[in-house]
Ligand SMILES: NC(=O)c1ccc[n+]([C@@H]2O[C@H](COP(=O)([O-])OP(=O)(O)OC[C@H]3O[C@@H](n4cnc5c(N)ncnc54)[C@H](O)[C@@H]3O)[C@@H](O)[C@H]2O)c1
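In the working numbering, the protein residues as written are 10 to 255.
See below:
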């Protein structure tokens, strides 16, 4: 039986790579994203390469939209075996004392509230199935902090606290919950936030000398989502070229 995998933020750089990697593992993949145009484009691009995925548009920081989306998935697929929470991003950068509450809330909602809501939407199903794997995308910034990105660092650290707590609550049900903490990954969004010279300089500070590729993150997710990781729960897998070691 194919596993049913839901990938949030599936229209973005890392989300697409995760979706394609899980599809290669014979999963039936459902992408969720707030960006309708980008989501439909990903479906069309994948189709050209012979990869079939379903896309559903939703703002995953909104409780009603998450509930309605997962109700649709439950009625069409009957189950969810794998949930990968990729949706998020650092979005707003401000000096701490100038951080507007509105922007703080937007970053927390996109990264942490979306993860909470999507996990909550599948927990009942996975407990009943007595199986399931959830992988949440955090960030190396949860460990290092990052100037002007207090909301993002807090949200991604929050994702780790949520991951460990949910792992404990679900351990006896055969449901595993883990996190991946990427370092700098070469996606269009990240690349666009650097000048060429800053990009080169920043990459010199990575011990391996270069940023990661989206496929590097996808491999880590695929492992944690697979039965090969059947005794691994509550853990964080770092994919950062040696930038941070924990
Ligand atoms: N690229 C990196 O260097 C890096 C490093 C560490 C962590 N991360 C994390 O990995 C994830 C993916 O990053 P990426 O570089 O692929 O970024 P990206 O911007 O390409 O992808 C993020 C996707 O999330 C979607 N999204 C945002 N808010 C949403 C919401 N409320 N509801 C539904 N979808 C929403 C966006 O539309 C986008 O398609 C993010 O959580 C990011 O914080 C990225």
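Beta carbons are placed, not taken as given, at the ideal position from N, Cα and C, and that holds for glycine. Because the structure is a prediction, the values reported are computed rather than measured.
- For residue 124, the enclosing alpha helix (DSSP H) starts and ends at 123-138.
- Note on residue 185: 16 or more other CB atoms within 10 angstroms of its CB, so buried under the neighbour-count rule.
- For residue 112, the CB stays at least 7 angstroms from every heavy atom of ligand 1.
- Each residue's CA atom was taken as its position, placing residue 200 and residue 160 some 21 angstroms apart.
- As the crow flies, the alpha-carbon of residue 139 is around 48 angstroms from that of residue 210.
- Those residues that have a beta carbon less than 5 angstroms away from any non-hydrogen atom of ligand 1 are, in order along the chain, 18, 20, 21, 22, 23, 42, 43, 44, 68, 69, 70, 95, 96, 97, 98, 119, 146, 148, 191, 193, 194, 196, 198 and 199.
- Listed in chain order, the non-local C-beta contacts of residue 150 below 8 angstroms within the same chain comprise 99, 158, 161, 162 and 165, local neighbours out to five positions each way being set aside.
- Counting along the chain, the unbroken alpha helix (DSSP H) around residue 201 starts and ends at 197-201.
- In the three-state reduction of the DSSP assignment, residue 23 falls in the helix class, which pools H, G and I.
- A direct Cα-to-Cα measurement between residue 202 and residue 221 gives close to 16 angstroms.
- In terms of Cα proximity to residue 27, the closest of 144, 180, 214 and 169 is 144.
- Assignment of residue 187 by DSSP, reduced to helix, strand and coil, places it in the strand class.
- Taken in chain order, the complete alpha helix (DSSP H) segments of 4 or more residues contained in the region 38-104 are 45-57 and 72-86.
- Look at residue 223 here: in three-state DSSP terms it is helix.
- For residue 172, the enclosing alpha helix (DSSP H) has its first and last residue at 159-179.
- In this chain, residue 145 is not harboured by any alpha helix (DSSP H); it is covered by the beta strand (DSSP E) spanning 141-146.
- In this chain, the alpha helix (DSSP H) harbouring residue 211 covers 205-213.
- Exclusion of the five residues before and after residue 169 leaves 147, 151, 188 and 245 as the residues of its chain whose Cβ lies within less than 7 angstroms of its Cβ.
- For residue 117, DSSP assigns no beta-bridge partner whatsoever.
- For residue 14, there is no enclosing alpha helix (DSSP H); the residue is part of the beta strand (DSSP E) that begins and ends at 13-17.
- Rounded to the nearest whole angstrom, the C-alpha separation of residue 115 and residue 239 is 35 angstroms.
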